[in-house]
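Undergrad: Keeping their order, the protein sequence lines are chains R and A.
Residue numbers for the first sequence follow numbering that gives the first Met the number 0, so the first one is 0 and each next one is one higher.
Residue numbers for the second sequence follow numbering that gives the first Met the number 0, so the first one is 0 and each next one is one higher.
Glycine included, each C-beta is placed from N, C-alpha and C at the ideal position.
Since the structure is predicted, the reported quantities are computational estimates derived from the model, not experimental observations.
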Amino acid sequence: MLEGKFEEASLLKKIVEAMKDCVSSCNFNCTENGISVQAVDNSRVLLISLLIEKDTFEEYRCDRNITLGIGLGSFSKIIGNGANSDYLTIQAEDDADTLGIIFEDKVKDKISEYNLKLLDIDADLLEVDAMETDATITLPSADFAKICKDMKTLSESLQITVTKDSAKFQSAGEIGSGSVVIKPKTDIDHPEESITISLDKPIDLSFGSKYLSDIIKATSLSQKVTIKLTEDSPGVFEYKLPSGYLRFYLAPKFDE
Amino acid sequence: MSGQQSLNRFFSVK
């Protein structure tokens, strides 16, 4: 049996919102250590890797490993019915064909229960474990979201170049071109505003703007995003959870 | 011109 209680429904809402426009359904793999998901979008360009560690939950138990096939659109509709501040418990028997979703209002004496029909999802898993990284950028997630949105107005591609002391985001299209350069910055009073850039090799990569638009839907999950780049490899965009992460692996574009 | 690569080029299926 699986039972996981979130302190606030808002966390699961944000996770599902960040995933549902990229993949319509995916398997949630539940073990005694927590819940993980790997899912790839239909075009096989963007991969989502989610880890919700046991410590994220107020209460968690999973007696036997369970795989829950979940339609994210339907899941989103049901969890949208709870208030952000509600306790949210997910519950499934070992051979369940439904997932129980329970909201508890912390002020009123009110409990709401829903059941989500589970799906049988046959998806292959990709081997993504070992990756070298040539450059790592950590910046405020809201800043990264704004850069992606602004550059998308110009082109369907965003070029990221990283040198020793700066990262440059640029786009060029029919109406013109634009660029944003960021440099490392330490803000002691507001550490969430700090920017770090570490580099082993200079980077020059281009990514599809429409996939970046999907990635930045995770912005509300974390004040920071970490971008790991390696020449001619997928970029990794990581949003940390209180205990765990939501990562996106995005295949780069190639120049002709 | 530029084209979009697939993740399949980089990751093998488990």
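Check the Cβ-Cβ distances between Leu211 of chain R and every residue of chain A, and say whether any is below 8 angstroms.
TA: So, not an interface residue.
Undergrad: Along the chain, where does the alpha helix (DSSP H) containing Phe168 of chain R start, and where does it finish?
TA: No alpha helix (DSSP H) holds Phe168 of chain R; the beta strand (DSSP E) holding it covers Ser165 to Ala171.
Undergrad: Can you check DSSP and say which residues form a bridge with Thr66 of chain R?
TA: In the DSSP output, where bridge partners are listed per residue, Thr66 of chain R has R:Asn28.
Undergrad: Return the chain-ordered list of same chain residues with a C-beta closer than 7 angstroms to the C-beta of Ser193 of chain R, the five sequence neighbours on each side being excluded.
TA: Excluding residues within five positions, the ones whose Cβ falls inside 7 angstroms are Lys184, Thr185 and Asp186.
Undergrad: Distance cutoff 8 angstroms, beta carbons only. Does Lys223 of chain R sit that close to anything in chain A?
TA: No, no contact with chain A.
Undergrad: For the putative contact between Val44 of chain R and Gln3 of chain A, defined by C-beta atoms under 8 angstroms, what is the C-beta separation to the nearest angstrom?
TA: Their Cβ separation, rounded to whole angstroms, is 6 angstroms, which keeps Val44 of chain R and Gln3 of chain A in contact under 8 angstroms.
Undergrad: Where Asp213 of chain R and Val180 of chain R are concerned, what is the direct C-alpha to C-alpha distance, given to the nearest angstrom?
TA: If you take the alpha carbons of Asp213 of chain R and Val180 of chain R, they lie about 22 angstroms apart.
Undergrad: Please confirm if the stretch 115-135 of chain R is in contact with the stretch 29-46 of chain R, defined as three or more CB-CB distances below 8 angstroms between the two stretches.
TA: Flag = yes, the stretch 115-135 of chain R and the stretch 29-46 of chain R touch.
Undergrad: Please classify Asn26 of chain R as buried or exposed, where buried requires at least 16 other C-beta atoms within 10 Å of its C-beta.
TA: The residue is buried, with at least 16 neighbouring Cβ atoms inside 10 Å.
Undergrad: Going by alpha carbons, who is nearest to Thr229 of chain R out of R:Leu50, R:Lys167 and R:Glu131?
TA: If we check each option's Cα against that of Thr229 of chain R, R:Glu131 comes out closest.
Undergrad: Look at the alpha carbon of Lys76 of chain R and the alpha carbon of Lys148 of chain R, and state the distance between them as a whole number of angstroms.
TA: Going from the Cα of Lys76 of chain R to the Cα of Lys148 of chain R covers about 26 angstroms.
Undergrad: Once the 5 residues before and after Ser154 of chain R are set aside, which same chain residues still bring their CB inside 7 angstroms of it?
TA: Excluding sequence neighbours, Ser154 of chain R sits near Ser170, Ala171, Gly172 and Ser208.
Undergrad: Cβ of Arg43 of chain R less than 8 angstroms from any chain A Cβ?
TA: Closer than 8 angstroms: yes.
Undergrad: With a cut-off of 8 angstroms, does the C-beta of Phe253 of chain R fall near any C-beta of chain A?
TA: By this cut-off, Phe253 of chain R is an interface position.
Undergrad: Shorter than 8 angstroms from the beta carbon of Glu126 of chain R to some beta carbon of chain A?
TA: Chain A contact via Cβ: present.
Undergrad: Bridge partners of Glu58 of chain R, per DSSP?
TA: In DSSP, Glu58 of chain R forms a bridge with R:Lys4.
Undergrad: Which residues in chain D sit within 7 angstroms of Gly207 of chain R, going by Cβ to Cβ distance?
TA: Among the protein chains of the structure shown, namely R and A, there is no chain D.
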